Amino acid sequence: MGDDNVISRLGSMKALLGIVAGAGASYGIYKLVFGRVGDGGVSRRKSAKSVTIQPGSLMAKVSGFKVVSKSDNLDPSAETESSDIHSKSAASLEPRHLSMLLSLLQSSPNPEERRNVLVTLGNAAAFTVNQDLLREFGGLHIIAGFLSDPSSEIRVQTLNALNNLSMNIRNQEQLKIYIPSVMQLIEMSPVNSDLQLAALRLLTNLSVTDNHQHLMKNSITLLLSLLVVSNEDLQIQVLKVLVNLSSNPDLMDDIVQAQAPASLILLFDSCTSTSVLLRLLFFVGNLRAWRPSAQVAEALRMRQDSLYCVLLDSSSQLHRKLPQLLSHPDEEVKTQVARLLT
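Here it is in structure tokens:
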């Protein structure tokens, strides 16, 4: 009966997939920005599909929580308990379950099944012990292989899983080789799409330390371009990356020389959301900590579309915009503006 159990356990892997389900303009962002085209379209967000954990399945047995079947008489407390399974059971996955999920991810021809596996692995990766186990099982490269999957939803779930895995510094050493692929996804994906947002979240984690920031320096113009055409959620995520990168003095030459849209200056306005505006001011503060030699500054002035000319040079309109923000209703904004003006 032991051999039969192996088959039945593999067959019950679909039950594992139900754990915690939920974690425009396209190619040519440069033309979109520098060609002064209008706003990009906002992509429609897909709601996460729920997958029922069947009573008696493998996941029901290992989760440690009672599973309520549809035939049960449900009361509010029972519904809450069932909901608890979806929010807590990822912590109960054992090493063998992670290994089985990785095998299923590689072998399944069903896109929906692969998506559900990635959701499960992503939620499991929220726990440090699983981050280490997935690395030791070779799971980081297996998961990252789906960055090129034809399904955009699978690419999103791949990025979400890698985002959780990137919270582990040792994992970042393996994940850094995928930074160019993630940048390409950002450039090729529709503006304001879930793909862009998930990719930027991953880059935010990978840019927290200066270990891998140099791998992003050639994409400064891409990030600045996205900043002026995206919605608030994406703007915040772009700025998190830019603030991280601009905190590294070794990258400052690359940042200030990057091509920047002139419309960037328009974001320094009271109409801009406070969350975005604050991060813009932090970004400028980091830039102003850089002091170019007279020779370098003169060379940069020859490039009117450089970030230096747009935000730092004496001819920049920012010098006129900042004093106007002293009347902003948010106290922290006024504090940061006053700091930049001193």
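Numbering-wise (the UniProt record's numbering), the sequence shown opens with residue 1 and increments by one.
No residue lacks a Cβ here, since even glycine has one placed at the ideal position from N, Cα and C.
Treat the numbers as computed from the prediction; the structure is a model and nothing was measured.
Helix, strand or coil for serine 327? Go by DSSP, reduced to three states.
helix
Discussion item. Tell me the rounded alpha-carbon separation between alanine 262 and threonine 274.
Written reply: 21 Å
Notebook entry, point to check: If we ignore side chains and look at the alpha-carbon of each, how far apart do leucine 74 and glutamate 94 end up?
Noted result: With a pLDDT of 35 at leucine 74, under the threshold of 50, the modelled position of this residue cannot be trusted; read the value that follows with caution. The straight-line gap from Cα to Cα measures roughly 30 Å.
On a CA-only basis, which of Met216, Phe282 and Leu134 is nearest glutamate 332? Give me that one, please. Phe282
Since I believe alanine 90 is in contact with alanine 124 (beta carbons under 8 Å), could you give me their beta-carbon distance rounded to a whole number of angstroms? 5 Å
- lysine 240 lies in the alpha helix (DSSP H); which residues open and close that run? 232-246
4-residue-minimum alpha helix (DSSP H) runs that sit fully inside the segment 138-209, ordered along the chain = 139-144, 152-165, 169-175, 179-188 and 194-206
### Message
So, with DSSP's three-state summary, where would you put methionine 59?
### Response
Legend: pLDDT at methionine 59 = 39, less than 50; position of this residue unreliable, value from coordinates given subsequently. Helix, per DSSP.
Quickly, what does DSSP pair serine 92 with across the bridge? List them, please. Its beta-bridge partners do not exist; DSSP assigns none.
Determine the extent of the alpha helix (DSSP H) in which residue 355 is found, giving its start and end residues. There is no way to answer for residue 355, as the model of the chain reaches only from 1 to 342.
- Query: How long is the line joining the alpha carbons of aspartate 210 and glutamine 172, rounded to whole angstroms?
  - Reply: 12 Å
Residue range of the unbroken alpha helix (DSSP H) whose run includes glutamate 131
First, the amino acid is wrong: residue 131 is glutamine here, not glutamate. Taken as a continuous stretch (DSSP letters only), the alpha helix (DSSP H) holding glutamine 131 covers 128-136.
ask   = Looking at the structure shown, is glutamine 336 part of a helix, part of a strand, or coil, going by DSSP?
value = helix
Report, in whole angstroms, the separation of the C-beta atoms of leucine 105 and leucine 118, which I expect to be a contact under 8 Å. 7 Å
Q: In angstroms with no decimal places, state the Cα-to-Cα distance between alanine 289 and leucine 267.
A: 21 Å
For serine 306, which three-state DSSP category applies? strand
Nearest by alpha-carbon distance to glutamine 174: which of Leu227, Gln131, Asn231 and Gln184 is it? Gln131
Hey, would you say aspartate 194 sits closer than 9 Å to asparagine 218, going by beta carbons?
no
* To do: Mind checking which residues open and close the alpha helix (DSSP H) that includes isoleucine 220?
  => 220-227
Inset, instruction - Use the C-beta contact count for cysteine 271: other C-beta atoms within 10 angstroms, 16 or more gives buried, fewer gives exposed. - result: exposed
Problem - tyrosine 178 beta carbon less than 9 Å from that of valine 256 - result: no
Through-space distance from serine 306 to valine 229, alpha-carbon basis
18 Å
*On the premise that leucine 245 lies in contact with leucine 239, defined as a C-beta separation below 8 Å, what is that separation, rounded to the nearest angstrom?*
Rounded, the Cβ-Cβ distance is 11 Å, inconsistent with contact.
*Who are the near neighbours of asparagine 286 in its chain, counting only those whose CB is closer than 7 Å to its CB and skipping five residues on each side?*
Val243, Ser246 and Ser247
For leucine 162, the nearest candidate out of Val129, Leu234, Leu318 and Leu206 (CA to CA)
Leu206
Please classify glutamine 257: does DSSP put it in a helix, a strand, or coil?
helix
By the three-class DSSP mapping on this structure, what secondary structure does phenylalanine 268 have?
coil
What residue range does the alpha helix (DSSP H) around glutamine 213 cover? Element bounds for glutamine 213: n/a, residue is neither H nor E.
Checklist entry - Tell me which same chain residues have a C-beta within less than 6 Å of the C-beta of alanine 198, skipping the five on either side of it? => result Val156, Leu159 and Asn160
*histidine 141, buried or exposed, once every other Cβ within 10 Å from all chains shown has been counted against 16*: exposed
Assuming contact is defined by CB atoms lying nearer than 9 Å, are leucine 341 and leucine 277 in contact in what I supplied?
no
Using a 10 Å radius around the Cβ and a threshold of 16 neighbouring Cβ atoms, would you call glycine 139 buried or exposed?
buried
My output table needs one value for valine 51: the three-state DSSP class, helix, strand or coil.
Residue placement at valine 51 is flagged as unreliable, the pLDDT there being 41, under the threshold of 50; the coordinate-derived value follows with that caveat. Three-state result, valine 51: coil.
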